[in-house]
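Notes follow the structure.
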């Protein structure tokens, strides 16, 4: 370089005297020589960045060590190194080099080393006192990045140990005093500050807020509008380039497009629009610092141009007043990248970038009030960042307490705790939130990797999981911007082009697919131009791919130095993602069950899959994300499906477990609990059954003793357990019988007994058995309970006489069991009834229960009586005792039902009259009704209940089948000449009953003839009612066969059949009518009681029928003519009643007439079904004319007195309801008493609705109530 009048030469090095800093070279030289630390304060453009390292070199620094010069950004480190090299000239240029992440250009000739502050920080791992340097310059210290603050603290602690080390801090004027105070000498004197001027010309500040363009009377709706307007205004100001400060790359792209559009529309002059941001390529940087065009340049920059770089030729600045600031949420552990308003200091820095070559103009796209309200300074990064990497390095360097470290501004305790928490999450430190923790082996490995701790952890796991090849690709990809470009106006096209890289389950795998595609394209060995064109065609950034490859190469070098093998074989999905998960545990989530599309993350956050993600709608139940970024919402970027079990295995040190519902599990022989696991509040699993013993031995032992040993719920073959349980069972059985809970001692005493003998470490079956095997006989005996110790008092009166093991009923011995549990369906006494014996059970007998429960039941029944009756039987316990003694002899097989017995006894012993209906049996406790457990021939329970009639009806078919199967085995003992097909009385005398034996049980069977249509057979039935019903039909068939000739004749010669047939036409055919008349005549002539019992009696009846058959048929025909004639009259009356409903009557009357009509219709259908002649007995048929006339008379009276009819119908309904309920219970089983009662109700209808027709016997509602009780229905 040629000397110029402006050059100052110092020890052979030239300095441009026009630069403000070089005007104070002498003063700076003295300060550097006399002080260990100096602060150089000056505005941007003073030349301090390039001249200070040259000055140090001129002063002889760099001989015993390097002159280290740090920059906050890589782009600045590289550009400054090149600028200093140029100024030193080609001879000394090799003495200047730079080192940025993964790029080290330094050699053995290097004396001035430019580097990022992160590089210098990383070097402290191997050179704790930075001995390779004799001078360190920390440039742009006012930016207060995390690395800068850490370096400043380290340097302060290193300086006393290295007195020859010189430190120069450069800063804008705003922070100079703070740095001076930080580096006080041992004598308390602050480090000297020297100020250098940077601004050479005045700068005019104009405020042009977005919103209104007064000149053109229009709105400025967006940031791009404001930028275009400002650039347009500068057209009229004169020459000079424009520097525009924008928040980020997106805004740079949008403004670039807007400016070029404005140029195309000739709204502004021709421009050269250039971007400037930290990831800019080397070639693009050259365009900034070496103008190659005469056009006005517009530099669109992020805040990288605020202090780090000096762009030449700038006369105009456009300040958006915004910056994209990264803030870390300690609570949610997510990076928050928000666009924020800048501080006053930043605004002044931006304005200072113009005015270096001529008077400058700065347009601020906000108003002056906004500037006045803004904060003085930008928050230091240490106050808004994670401290994990700082703490990791401090631990590696064995620096003491983080809180005591000499930071320029100490971070909050919360930030320190957060840093420890992240390191703990990564498994890098031994514990949480304590400075006494130390690095684990994982932590030591992470500290040796010059990477973000999370990325380092992922790479370490990739090595351990044998998937380092894939992990290095993914880790390096996560360190750069996504190479896949997605221009705003070509979103669909880019999505189509990038579809080949997509993976259904993981966006991390997409990086691997892109990487493979790139190298396959590279292997085709096309020219660089074609190669780059192909990348651009597929919308892949050439710059970002190169950066990705550079980082991958550096990472590969790092792992190679550690001799970690990189396998060529393809790793599995699980290997890759489990490795990634080690560094991303805080970024997992499970799909929300309440909010669609949301995922529940750790630390109670909820996030969405980023809208640009191809997995937004199919990410799966569990996902992991590379990062969670909080913009307007929290979004997960780069996601993959994961198995939650991986979290469990990787995050063992982080998972919080809690347990609920500890209980004894007899199958496992252990105390178990439901386990729930969470990771920072996110539920990983719940309800997992685990062994509770190791978790809480004391509580498990308590549960084991209480629920296993005391309750006897365990599967072990230990003598003391069997002995104690049998003894407890005997005493509990006494309690059930006596319905008392005061015989067996409390469980607490039994618990105390076992607790005093069982060791503290036993809480499961296996350990109990092992312990018992080691015991001596003497100790084993101590484990045996005794009866005296288990009983509170003697159990007098609890004998088999009062509580028998078997209950006698109708010749049966039924096994009885007892259970005392009020409110339970099992409460009371239960008898087991074989299905074949069910119909044999006498309902009267079971009402008496067992002797030990009789007194209590009698007392309850007497207490249910009205007080006016009950008072004659007090004291009630004494009366119950008296009743018991008077009936004690009959208790084994009572002769009458219990209520009837009490009625008789009360009258005979106390002259007290009681009616059955006086007893309120529905108020009795449930245990005072016996439970019947019906079992089949294999002992399997079919059903159980307290309603015997209902059980009989439910199991009638099966019970009969089982009974007849048993009876067939006993038929051979009866001397009957049975044939397979009986057509005449050829079987001797048919016994009325027969004994059927089953083991020690004795049952009664009822033989009967069974109608098989063309012949008969003999079978045995379990109830006399069913046997009689079947036998009558069988006997009828036998008479049919014996009267065959007579029947044939009369079928053709019945007098008046044509007339009767016409009247019957609405009910059936004439043939059906003739069959009924013949059957009715045989029934009347041959089937009257008593039925024939032998052949002789049968023959007499048959001969009588031959003689009377024609006479009786004629009698039935005449009666039927009368009935059907009245039937026709009644039907006509009913039709008239139905039509009268719609006439002039009230709504209530209409409603009731409807009800009356239905009742009359239903009753008529009951009386006159199609087979009324054979369904009803001839005796009852003779009453039908009166019944029908009664209905006709009722209709005649109904409309005259509706109220009276309604009152009478309510009386009928009361009994009809009882009949219907009983019929439902019987399920088709015959009941003669119920049949009799049904006809009594018909007589009551006559008495109520037409008294003039008379009844054959007195009848009333009261009499029917009494009859219902007497029939015991």
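Numbering (UniProt numbering), first residue to last: 1 to 1273. Glycine included, C-beta positions come from ideal geometry on N, C-alpha and C.
### Task
Answer with yes or no whether the minimum CB distance from residue 902 to chain D is below 7 Å.
The structure shown contains no chain D; it holds only a single protein chain.
### Query
Taking only runs of the beta strand (DSSP E) that begin and end inside the region 348-387, which ones reach a length of at least 3 residues, in chain order?
Assignment of beta strand (DSSP E) within the region 348-387, counting only whole runs of 3 or more residues, yields 360-364 in chain order.
### Message
Can you tell me where the beta strand (DSSP E) holding residue 606 begins and where it ends?
### Response
Counted from its first residue, the chain shown places residue 606 at position 606. Where residue 606 is concerned, the enclosing beta strand (DSSP E) stretches over 606-609.
### Message
Taking a contact to mean a Cβ-Cβ separation below 7 Å, would you say residue 359 touches residue 202 in this structure?
### Response
Residue numbering aside, residue 359 sits at position 359 when the chain shown is read from its first letter. Residue numbering aside, residue 202 sits at position 202 when the chain shown is read from its first letter. Taking 7 Å as the Cβ cut-off, residue 359 and residue 202 qualify as a contacting pair.
### Query
With residue 932 and residue 948 assumed to form a contact (beta carbons below 8 Å), what rounded beta-carbon distance in angstroms separates them?
Indexing the chain shown from 1 puts residue 932 at position 932. Indexing the chain shown from 1 puts residue 948 at position 948. Indeed, because the Cβ distance is near 6 Å, the residues count as touching under 8 Å.
### Query
Cα separation between residue 950 and residue 1226?
Locating residue 950 in the chain shown gives position 950, where the first residue counts as 1. Locating residue 1226 in the chain shown gives position 1226, where the first residue counts as 1. So the two alpha carbons sit approximately 7 Å from each other.
### Other residues of its chain near residue 56: CB distance less than 6 Å, five sequence neighbours each side excluded
As a first step, residue 56 must be located in the chain shown, where it is residue number 56. Within the same chain, residue 56 has close Cβ partners 67, 135.
### Task
Go through its chain and collect everything with a Cβ distance to residue 11's Cβ below 6 Å, but skip five positions before and after it.
Along the chain shown, one-based indexing puts residue 11 at 11. If we look at residue 11 and ignore the five residues flanking it on each side, its Cβ neighbours are 58.
### Query
Okay, do the region 1028-1044 and the region 838-853 touch, 3+ Cβ pairs below 8 Å being the bar?
no
### Message
Quick test of the definition: if touching needs 3 or more C-beta pairs under 8 Å, does the region 1245-1261 touch the region 1203-1220?
### Response
yes
#### Entry: Simplified DSSP state of residue 686, which is helix, strand or coil
Looking up residue 686 in the chain shown gives position 686. Residue 686 falls in the strand class under three-state DSSP.
### Task
Would you check if there are 3 or more beta carbon pairs closer than 8 Å linking the region 1099-1108 to the region 1050-1057?
no
### Task
Compute the beta-carbon to beta-carbon distance between residue 46 and residue 196, rounded to the nearest angstrom, for a pair I have assumed lies under 8 Å.
Counting from 1 along the chain shown, the entry for residue 46 is found at position 46. Counting from 1 along the chain shown, the entry for residue 196 is found at position 196. Contact holds; Cβ gap of about 4 Å.
#### Entry: Length at least 4, wholly inside the region 850-893: the alpha helix (DSSP H) runs in chain order
851-863, 867-870, 876-887
### Task
For residue 216, count neighbouring Cβ atoms within 10 angstroms of its own Cβ and tell me buried if that reaches 16, exposed if not.
Numbered from its first residue, the chain shown carries residue 216 at position 216. In this prediction, residue 216 has a pLDDT of 45, which is less than 50 and means its spatial position is unreliable; nothing more can be read from the coordinates.
### Query
Which two residues bound the contiguous alpha helix (DSSP H) that contains residue 710?
Here the question's residue 710 lines up with position 710 in the chain shown. No alpha helix (DSSP H) holds residue 710; DSSP gives it neither H nor E.
### Task
Name the one or two DSSP bridge partners that residue 601 has.
Numbered from 1 along the chain shown, position 601 holds the residue referred to as residue 601. Residue 601 is bridged to 589.
### Query
Using the rule of at least 16 other Cβ atoms within 10 Å of the residue's Cβ for burial, across every protein chain shown, is residue 952 buried or exposed?
Indexing the chain shown from 1 puts residue 952 at position 952. Residue 952 comes out buried.
### Query
Mapping DSSP to helix, strand and coil, what is residue 1013?
Walking along the chain shown from the start, residue 1013 turns up at place 1013. Reduced to three states, the DSSP call for residue 1013 is coil.
### Message
Is it the case that the region 160-174 contacts the region 402-410, given that we only count it when at least three CB pairs across the two stretches are under 8 Å?
### Response
Touching, no, given that fewer than three Cβ pairs across the two stretches are closer than 8 Å.
#### Entry: Closest residue to residue 1002 among 1166, 837, 1083, 928 (Cα-Cα distance)
Along the chain shown, read from residue 1 onward, the residue named residue 1002 stands at position 1002. Taking residue 1002 as reference, the option from 1166, 837, 1083, 928 with the minimal CA-CA separation is 837.
### Query
Who are the near neighbours of residue 646 in its chain, counting only those whose CB is closer than 6 Å to its CB and skipping five residues on each side?
Within the chain shown, residue 646 is the residue found at index 646, counting from 1. 578, 581, listed in sequence order.
### Query
With a Cβ-Cβ cutoff of 7 Å, do residue 1116 and residue 1085 count as a contact?
For the purposes of this step, residue 1116 is taken as residue 1116 along the chain shown, with counting starting at 1. For the purposes of this step, residue 1085 is taken as residue 1085 along the chain shown, with counting starting at 1. Result no, Cβ atoms of residue 1116 and residue 1085 do not sit closer than 7 Å.
### Of the listed residues 240, 42, 324, 132, nearest to residue 295 (C-alpha basis)
Taking the chain shown and counting its residues from 1, one reaches residue 295 at position 295. It is 240 whose Cα lies nearest to the Cα of residue 295.
### Query
Between the region 691-703 and the region 755-762, are three or more C-beta pairs nearer than 8 Å?
yes
### Query
When the Cα atoms are used, what is the spatial distance from residue 1070 to residue 1124?
Mapped onto the chain shown, residue 1070 falls at position 1070. Mapped onto the chain shown, residue 1124 falls at position 1124. Cα to Cα, residue 1070 sits roughly 14 Å from residue 1124.
### Query
Residues in its own chain within less than 6 Å of residue 475 by CB, not counting five upstream and five downstream?
One-based indexing of the chain shown puts residue 475 at position 475. The beta carbon of residue 475 sits closer than 6 Å to those of 455, 458, 459, all from its chain and outside the five residues before and after it, given in chain order.
### Task
Between the Cα of residue 1057 and those of 892, 106, 1077, 1047, spot the shortest distance and give me the residue it belongs to.
The sequence position of residue 1057 within the chain shown is 1057, counting from 1. Considering only alpha carbons, the answer is 1077.
### Message
Using the Cβ count rule (16 or more neighbours within 10 Å means buried), how would you classify residue 886?
### Response
The residue labelled residue 886 in the question sits at position 886 within the chain shown. Label assigned to residue 886: exposed.
### Query
Residues in its own chain within less than 6 Å of residue 339 by CB, not counting five upstream and five downstream?
The residue labelled residue 339 in the question sits at position 339 within the chain shown. Taken in chain order, the residues that qualify are 247, 322, 324.
### Query
Measuring CA to CA, which of 442, 828, 383, 810 is closest to residue 896?
In the chain shown, the residue the question calls residue 896 occupies position 896. With distances taken between Cα atoms, residue 896 lies closest to 810.
### Query
Residue range of the alpha helix (DSSP H) that residue 1275 falls in?
Lying before the first or after the last residue shown, residue 1275 is absent from the chain, which here runs from 1 to 1273.
### Query
If you check the beta carbons only, do residue 755 and residue 705 fall under 7 Å apart?
Looking up residue 755 in the chain shown gives position 755. Looking up residue 705 in the chain shown gives position 705. Yes. Within cutoff.
### Query
Whose C-beta lies closer than 6 Å to the C-beta of residue 968 among residues of the same chain, with five residues either side of it excluded?
The residue labelled residue 968 in the question sits at position 968 within the chain shown. Closer than 6 Å at Cβ, skipping near neighbours: no residue.
### Query
Three or more beta-carbon pairs under 8 Å between the region 310-322 and the region 347-358, yes or no?
yes
### Query
Considering only residues of the same chain and omitting the five flanking positions on each side of residue 724, which have a CB-CB separation below 6 Å?
For the purposes of this step, residue 724 is taken as the residue at position 724 of the chain shown. Result list for residue 724: 785, in chain order.
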